[in-house]
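Read the sequence shown against my numbering and you will find it ends at 766, with the numbers running on by one and no gaps.
Structure record follows, encoded as C-alpha coordinates.
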Amino acid sequence: MIIPWQQLDAETLNNLLEAFVLREGTDYGEQERSLAQKVEDVRRQLENGEVVLVWSELHESVNIMPQKSFGR
695 MIIPWQQLDA ETLNNLLEAF VLREGTDYGE QERSLAQKVE DVRRQLENGE VVLVWSELHE
755 SVNIMPQKSF GR
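Here it is, written out as C-alpha coordinates:
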(Lines of atoms letter the chains of each structure in order from A; the text may use other names.)
(Lines give C-alpha, C1' and ligand atoms only; values in the text may rest on other atoms or scores of the structure.)
Protein backbone atom coordinates (compact mmCIF):
# COMPACT_ATOMS: atom_id res chain seq x y z
CA MET A 695 0.00 0.00 0.00
CA ILE A 696 1.39 3.41 -0.97
CA ILE A 697 1.56 5.87 1.92
CA PRO A 698 0.84 9.53 1.05
CA TRP A 699 4.04 11.04 2.46
CA GLN A 700 2.53 14.56 2.35
CA GLN A 701 0.14 13.54 5.14
CA LEU A 702 2.89 12.45 7.53
CA ASP A 703 4.20 14.61 10.33
CA ALA A 704 7.52 16.19 9.28
CA GLU A 705 9.45 14.46 12.07
CA THR A 706 7.91 11.07 11.23
CA LEU A 707 8.82 11.46 7.57
CA ASN A 708 12.36 12.48 8.44
CA ASN A 709 12.75 9.45 10.73
CA LEU A 710 11.51 7.13 7.96
CA LEU A 711 13.92 8.68 5.45
CA GLU A 712 16.85 8.39 7.86
CA ALA A 713 16.03 4.75 8.62
CA PHE A 714 15.86 4.00 4.89
CA VAL A 715 19.19 5.69 4.15
CA LEU A 716 20.89 3.88 7.03
CA ARG A 717 19.54 0.51 5.84
CA GLU A 718 20.85 1.05 2.32
CA GLY A 719 24.45 0.46 3.38
CA THR A 720 27.73 2.08 2.49
CA ASP A 721 28.05 4.51 -0.38
CA TYR A 722 31.29 3.93 -2.27
CA GLY A 723 30.93 7.04 -4.41
CA GLU A 724 33.74 9.39 -5.27
CA GLN A 725 32.75 11.81 -2.51
CA GLU A 726 31.47 10.92 0.95
CA ARG A 727 27.99 12.34 1.59
CA SER A 728 26.53 13.08 5.00
CA LEU A 729 23.39 11.43 6.33
CA ALA A 730 21.57 14.76 5.99
CA GLN A 731 22.56 15.03 2.32
CA LYS A 732 21.41 11.49 1.59
CA VAL A 733 18.10 12.11 3.37
CA GLU A 734 17.57 15.27 1.29
CA ASP A 735 18.29 13.31 -1.90
CA VAL A 736 15.59 10.77 -1.02
CA ARG A 737 13.19 13.56 0.04
CA ARG A 738 13.71 15.24 -3.34
CA GLN A 739 12.94 11.94 -5.10
CA LEU A 740 9.70 11.69 -3.09
CA GLU A 741 8.74 15.26 -3.95
CA ASN A 742 9.46 14.64 -7.65
CA GLY A 743 7.39 11.45 -7.64
CA GLU A 744 10.35 9.24 -8.54
CA VAL A 745 9.89 7.08 -5.43
CA VAL A 746 6.99 6.27 -3.10
CA LEU A 747 6.62 5.21 0.53
CA VAL A 748 5.17 1.71 0.70
CA TRP A 749 3.71 -0.20 3.65
CA SER A 750 4.24 -3.96 3.50
CA GLU A 751 1.59 -5.85 5.43
CA LEU A 752 3.60 -9.04 5.02
CA HIS A 753 6.75 -7.59 6.60
CA GLU A 754 4.95 -4.95 8.69
CA SER A 755 7.43 -2.32 7.56
CA VAL A 756 7.76 0.81 5.46
CA ASN A 757 10.04 0.92 2.44
CA ILE A 758 10.85 3.40 -0.31
CA MET A 759 10.50 2.05 -3.83
CA PRO A 760 10.66 3.41 -7.39
CA GLN A 761 7.29 4.76 -8.55
CA LYS A 762 7.63 2.96 -11.88
CA SER A 763 7.50 -0.40 -10.10
CA PHE A 764 3.83 0.35 -9.37
CA GLY A 765 2.88 1.07 -13.00
CA ARG A 766 1.21 4.40 -12.35
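Glycine included, each C-beta is placed from N, C-alpha and C at the ideal position.
Take G743 as the anchor and find which of D735, S750, W749 has the nearest alpha-carbon.
Locating residue 743 in the sequence shown gives position 49, counting from the first residue. Of D735, S750, W749, the residue nearest in Cα terms is D735.
The beta strand (DSSP E) with N708 in it runs from where to where?
Within the sequence shown, the letter at position 14 stands for residue 708. Per DSSP, N708 belongs to no beta strand (DSSP E); it is in the alpha helix (DSSP H), 704 to 717.
Give me the residue from A704, V748, L729 with the minimum Cα distance to M759.
Numbered from its first residue, the sequence shown carries residue 759 at position 65. Measuring from the Cα of M759, the nearest candidate turns out to be V748.
Tell whether a beta-carbon distance below 8 Å holds between V715 and K732.
Within the sequence shown, residue 715 is the residue found at index 21, counting from 1. Within the sequence shown, residue 732 is the residue found at index 38, counting from 1. In contact: V715 and K732 (Cβ atoms closer than 8 Å).
Tell me the DSSP secondary structure of L747 in three-state form.
Residue numbering aside, residue 747 sits at position 53 when the sequence shown is read from its first letter. It is a strand residue.
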